[in-house]
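Mapping to my numbering: the sequence shown position 422 is 824, numbers consecutive. Notes to accompany the following structure.
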Amino acid sequence: MDTDKLKEFMISHVEKVVLAVVIGVSGFMIWSGLQKEDITKIHQPDSLVNEANQVKAAVDEDHNETILKTRRSNFDITEQIAKRRAPVDPGGYGIPKTWVPTPPSSGVKRQDPTIAAPRALRVEGVLCSMAYRSNTGEYALADLEPAEPVEKVEKKEIKPKKSRRASREMDMMEMMDQGGGDEYGMEMDMGMGMEMEMGEGTTSSGPTRKMDREHDFGMRPAPTKNLKTGKEQPPVPGVGWFIAGTAVVPYKEIYESYRMALSTADLYDPARRDRPMFRGYELQRADVTDKPADQLDDSDWIKRDGRMDVRADAVLIWSGFAPELVSSEYRVDSYLTMWIPPVLLDDYSSFALHPLIPMKTPAQLAAEEYERQQAEINPELSVDDIEFLDPDDSMGAGGGGYGGGDDYGDMGMDMMDEMGDDYGSGGGGGGYGRTVAIEENPVDYKLIRFYDFAIDPRKDDDAPKPGRKYVYRVRISVNDPNFPQNPALQPKGQSLARDVYDRYLKLAQQAEATKKRSYQRWSEWSQPSAPVSLPGREKYFVGPVTAPPTKPAKVGPRIVDYQAEPPKAKMVLSQFDLELRTFVPMLLDVTEGTVLSAKAEKTDVVDPITLEVKKLESPEIRSASTVIDIDGGGPMSIQTGDDMNAPGLMLLFDQNGGLRVHDETGDQELYRIKSFADERGE
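Listed below in structure tokens is the structure:
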């Protein structure tokens, strides 16, 4: 069969070929299906339902114990919170273009202001009772028995002789009585009555004697709370043995130096950067017991305090603070001016104040100057025509004990924050986070106050030692306006003078290497202080001096007054008891040559916490101090019949080998307090 016929056959019978292929495929599929196993032999509907119910029940069961172990998160929320609270580097948030147009450059470069050194450094040794925090409130003095009532001294009545002045005053009183002076007389009676009631040296509540609050020159302690646990910590007396010092910073001079160096330069910003912002001080001490002060070199000086040690004591150990005596305008609290320790009973003004720092606020001084100028212009101007500023507007009402001061309310937490993070806090009138007004007339001086403690809960091998003589020096630091603590406030390099720019490059390279900015600029050291030592444990208070009668005696051609007996005097010898943590006073009768060592059956001691008078059995004071000379006490003979004696003087040789002069007039107040003279009726 040829090809043409084959093609013709396929064309004529194509449908038959397709039908044959379909029949073949269908047959194959039928055959394949017949080869499959019967499904009813493998899966029954009832068994499938049961299996599905079992799976559902297994799914509904609690599988937490199996999967929680694998799903438990290791997320530390405390760590993440601390991480999110960490300050973000502000360098990456600089705005390249701002809406505020850049002012034209003045062409004046920024200089470094001069940081003047502190001046007029004064130091003083202090020994006192201080209020410390405790967990139980127990202390040795509280366990003593209450003191017994004192014996009254019978005073001989003296009939006063009328003087001309007294006669005139009596005539005036009679005129007041005759002329309708009832109101005045009533006020006098009330005043006299109050004086009679307030005149006693102690007060009593039942059988317990207490010292009068007017005789308490220290602070009144109150319970504090632990800053971490909130547990109450009652105050107890402790030993305060330290060297205190004060100095002044010439603030006005430094402020003017900032103006001269920065005010005419580009981007002058006194509110946030270009003004004195004090960052702290550094205190150094040198021992001059065996070496003169003018021969000291740098190796003789050791660091004593950089403000952080005292701040830690103030927060964690002291039971509060003594009321501040200096107006806030003259202080830089916690940076230059350390808080006053909680001194009990004693007057602390001698080491808390400085002669160059006024006791009055600038507003009060300005008001007085205005009054003086107005008086010169118009002498007839009345005081009632002048409106004075209320001093309480600038200084808060004072806390108990002594003087006025600021409210320390939440200072503890603030100090803890400052110790934890010094960034962004204000040093000398404000920090980075707030806007401060520019001072048109800054005060002349700011106060530096520091302490060097001999007894401290922390171990301190360099603490001052008794019997050694020391000198101190101090310097201050400020936030560098040309390399500030906050990198966002860094002035542009093109605005800095050549020498300032060279210094900036070194500091920037150092900060890049150490990841820490050296932003503090330090002043020069102050001149060394006068030598100072820790005080001894004794205090002396001279009382009345009794001079023996004199007789004329002829010595050669002259007639002199002769005393058959040496003069005598009363004095209070007070010695600090380290166990009771307060001074123990003893009233003594002394004469020339008396060695001030004494024993007694009992003596009265004031509890510095409660002001209760306690009885101390068998007290003993051992001392080598000696009375060298006594003078005064004789009749003054100003007018016939007057019973007035000359004030007494006493020369003492103390146990440290020094000569000390005490006078009856200067010691009168403290003598009467320590001897309970008012209570005894003297």
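C-beta atoms are modelled at their ideal positions from N, C-alpha and C, and glycine is treated no differently. This one's a predicted model, so the numbers in the text were calculated from it and none came from an experiment.
Excluding sequence positions up to five before and after glutamate 1019, its CB lies within less than 6 angstroms of the CB of Lys1004, all in the same chain and listed in chain order. No Cβ-Cβ contact shorter than 7 angstroms links leucine 998 with valine 974. Annotated three-state conformation of leucine 421 is helix, per DSSP. The Cβ atoms of proline 743 and methionine 532 sit closer than 7 angstroms to each other. Here aspartate 749 has Phe619 as same chain residues with Cβ atoms under 6 angstroms from its own Cβ, once five neighbours each way along the sequence are excluded.
Between tyrosine 732 and arginine 681, the beta carbon gap of about 18 angstroms keeps them out of contact (Cβ cut-off 8 angstroms). Rounded to the nearest angstrom, the gap between the Cα atoms of aspartate 854 and glycine 938 is 16 angstroms. Residue environment analysis places phenylalanine 644 among the buried positions, since at least 16 neighbouring C-beta atoms fall within 10 angstroms of its C-beta. The alpha-carbon of arginine 611 is positioned some 14 angstroms away from that of isoleucine 1011. The Cβ atoms of arginine 535 and serine 721 sit closer than 7 angstroms to each other.
In this structure the stretch 910 to 928 does not touch the stretch 1043 to 1060; the number of beta carbon pairs closer than 8 angstroms is below three. Pairing valine 873 with proline 959 gives a Cβ-Cβ distance that is not under 7 angstroms. Under the Cβ criterion (8 angstroms, minimum of three pairs), the stretch 649 to 657 counts as touching the stretch 750 to 759. Under a 10 Å Cβ-count criterion, tyrosine 906 is classified as buried, with 16 or more other Cβ atoms of the shown protein chains found around its own Cβ. Runs of the beta strand (DSSP E) lying entirely within the stretch 907 to 954, each at least 3 residues long, are 922 to 924 and 940 to 948 in chain order. Per DSSP, methionine 973 is one residue of the beta strand (DSSP E) stretching across 970 to 979. Taking a contact as a CB-CB distance under 8 angstroms, the pair lysine 1017 and alanine 549 counts as one, their CB atoms being some 4 angstroms apart. Excluding sequence positions up to five before and after tyrosine 903, its CB lies within less than 7 angstroms of the CB of Gly895, all in the same chain and listed in chain order. Its chain contains Leu529, Arg939 and Phe985 as the residues whose beta carbon lies nearer than 6 angstroms to that of phenylalanine 978, once the 5 sequence neighbours on both sides are disregarded; these appear in chain order. Contact between alanine 716 and phenylalanine 723 holds, with the beta-carbon distance rounding to 7 angstroms and staying under 8 angstroms. The C-beta distance from threonine 948 to glycine 1035 rounds to 5 angstroms, short enough to meet the 8 angstroms contact threshold. In this structure, phenylalanine 852 keeps its C-beta atom at 7 angstroms or more from the C-beta atom of leucine 1053. For the 7 angstroms CB-CB criterion, phenylalanine 943 and leucine 747 do not form a contact. Excluding residues up to 5 positions away in sequence, Ile961, Val962, Asp963 and Tyr964 lie with their Cβ nearer than 8 angstroms to the Cβ of alanine 955 in the same chain. Of Lys1001, His465, Gln776 and Arg983, the smallest CA-CA separation from valine 1008 is found for Arg983. Every candidate beta strand (DSSP E) stretch fails here, since none sits fully inside the stretch 424 to 458 while reaching 3 residues. In the three-state reduction of the DSSP assignment, histidine 617 falls in the helix class. Closest option to serine 1077, judged by alpha-carbon separation, among His617, Glu439, Val641 and Ile479: His617.
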